[in-house]
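Quick note on numbering: the sequence shown equals residues 213 to 324 in the working numbering.
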Amino acid sequence: MLKFLEPINQCVYVPSEIGIPEYLPFFEPEFTLRPDLPKRADNHNSKEFLAAIRQEVMENIRQVKGAPSVQMMPIPEDMLDNDLALRQPEIGDDERPKDHDETNVTYSGMES
Numbered sequence: 213m214l215k216f217l218e219p220i221n222q223c224v225y226v227p228s229e230i231g232i233p234e235y236l237p238f239f240e241p242e243f244t245l246r247p248d249l250p251k252r253a254d255n256h257n258s259k260e261f262l263a264a265i266r267q268e269v270m271e272n273i274r275q276v277k278g279a280p281s282v283q284m285m286p287i288p289e290d291m292l293d294n295d296l297a298l299r300q301p302e303i304g305d306d307e308r309p310k311d312h313d314e315t316n317v318t319y320s321g322m323e324s
């Protein structure tokens, strides 16, 4: 069983009142960290205003140039050179490049 001399989780009360910092005007008029907020804000936007915003956004979207659309097609068989793979010689284990040279230093420069 582990026992600690001091509690690990210490709950510290943070008061709602704040000091006088330079950002005090952001907390007006209550000057608290937890102001009472109204449950529901009134919508002061008129239908004409929202329609004008929507029209402007749609016009901006219409003027954006998108990427040209290209139809996807399969790659033709003649583009793939199947004979090229058959013409490549097989590389044996003794012919593969080694990751280090004869002085036992790897290509990264570290001794192995």
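Note that beta-carbon positions come from the ideal geometry of N, C-alpha and C, so glycine has one too.
Our contact map puts S228 next to L249 with C-beta atoms below 8 Å; I'd like the distance itself, whole angstroms only.
So it is not a contact: roughly 14 Å between Cβ atoms.
How many angstroms separate the CA atom of N257 from the CA atom of V224?
So the two alpha carbons sit approximately 43 Å from each other.
Which same chain residues end up closer than 7 Å to P247 when comparing Cβ atoms and leaving out the 5 residues on each side of it in sequence?
Closer than 7 Å at the Cβ level, and outside the excluded window around P247, lies no residue.
Give every residue of the same chain whose Cβ lies closer than 8 Å to the Cβ of E242, excluding the five residues on either side of it in the sequence, and list them in chain order.
D248
Quick one: grab the DSSP three-state call for E229.
strand
If you draw a straight line from the C-alpha of P233 to the C-alpha of A253, how long is it?
As the crow flies, the alpha-carbon of P233 is around 29 Å from that of A253.
Roughly how many whole angstroms lie between the Cα atoms of M285 and I265?
Near 41 Å, if we compare the C-alpha coordinates of I265 and M285.
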